[in-house]
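Engineer: To start, I am sharing the structure in question, which I have written as structure tokens.
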Amino acid sequence: MTGEELVRDVFDASYRRLVGQLYTVCGDLPSAEDVVQEAFVRALDHGRGFRRIDNPEAWLRRVAVNVQRSRWRRMKTYAGLQPKLVDDVTPFEPSPDHLELVRALAGLPEVQREAVVLHHLADMPVHEVADMLGVPIGTIKTRLVRGRTTLAGLLSDHDEERHV
Numbered sequence: 058m059t060g061e062e063l064v065r066d067v068f069d070a071s072y073r074r075l076v077g078q079l080y081t082v083c084g085d086l087p088s089a090e091d092v093v094q095e096a097f098v099r100a101l102d103h104g105r106g107f108r109r110i111d112n113p114e115a116w117l118r119r120v121a122v123n124v125q126r127s128r129w130r131r132m133k134t135y136a137g138l139q140p141k142l143v144d145d146v147t148p149f150e151p152s153p154d155h156l157e158l159v160r161a162l163a164g165l166p167e168v169q170r171e172a173v174v175l176h177h178l179a180d181m182p183v184h185e186v187a188d189m190l191g192v193p194i195g196t197i198k199t200r201l202v203r204g205r206t207t208l209a210g211l212l213s214d215h216d217e218e219r220h221v
């Protein structure tokens, strides 16, 4: 049995039980599901080592609890730092145009979307985008051209829908 098959078997046998246990730790179901899923992802990453674990469910439980503890530590740190960052936080309320742009950007392939957002919305020069993404400058330029072309079509299609 491969490590992946073992993880699948343990998932089938233990997922619901682990989520129920972590629900009481986390206090809400979405967080419990997230940390248990993260534990299973780490089990898959663990590869052959996961097959050598005597009690896979206990290992997954420990990993999920540790993931939740890390989240709590980050939240506590953020809660302490957040007031130092800004005096008054005004909630972000996207305009209808912004929502339309986000929907259109979602229609781009991920690599084009990254390039367009980093260059045009984050106002990064092409060479910085290329450096950040670890690809040649020419690749970023190509992604920008293709992304803008596709985006223009998506936005014009959406404009026509609104005016009909």
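All residue numbers for the sequence shown refer to our numbering, where the first residue is 58 and numbers rise by one. C-beta atoms are modelled at their ideal positions from N, C-alpha and C, and glycine is treated no differently.
Tyr80: which of Val92, Ser127 and Ala70 sits nearest, CA to CA?
Structural biologist: For the residues Val92, Ser127 and Ala70, the minimum Cα distance to Tyr80 belongs to Val92.
Engineer: Just how far apart, CA to CA, sit Val98 and Ala172?
Structural biologist: Between Val98 and Ala172, the C-alpha separation is close to 28 Å.
Engineer: So, at 8 Å on beta carbons, what are the nonlocal neighbours of Leu212 in its own chain, with the 5 sequence-adjacent residues on each side left out?
Structural biologist: For Leu212, where only same-chain residues beyond five positions count, the Cβ hits under 8 Å are Glu157, Leu158 and Ala161.
Engineer: Please check the pair His122 and Val82, which I expect to be a contact at CB under 8 Å, by giving their CB distance rounded to whole angstroms.
Structural biologist: Here residue 122 turns out to be Val, not His, going by the sequence shown. About 6 Å; that satisfies the 8 Å criterion.
Engineer: Of all the alpha helix (DSSP H) runs that stay within the bounds of the stretch 176 to 207, which reach a length of 4 or more residues?
Structural biologist: Runs of the alpha helix (DSSP H) inside the stretch 176 to 207: 183 to 190.
Engineer: Comparing alpha-carbon positions, which option in Gln94, Lys133, Pro182 and Val202 lies nearest Pro166?
Structural biologist: Measuring from the Cα of Pro166, the nearest candidate turns out to be Val202.
Engineer: Which value, in whole angstroms, describes the spacing of the CA atoms of Gly84 and Arg200?
Structural biologist: Each residue's alpha carbon lies about 43 Å from the other.
Engineer: In or out: Pro113 buried (at least 16 other Cβ within 10 Å) or exposed?
Structural biologist: Answer is buried; the Cβ neighbour count reaches 16.
Engineer: Is the Cβ-Cβ distance between Val86 and Leu117 less than 8 Å?
Structural biologist: Contrary to the premise, residue 86 reads as Leu rather than Val in this sequence. No.
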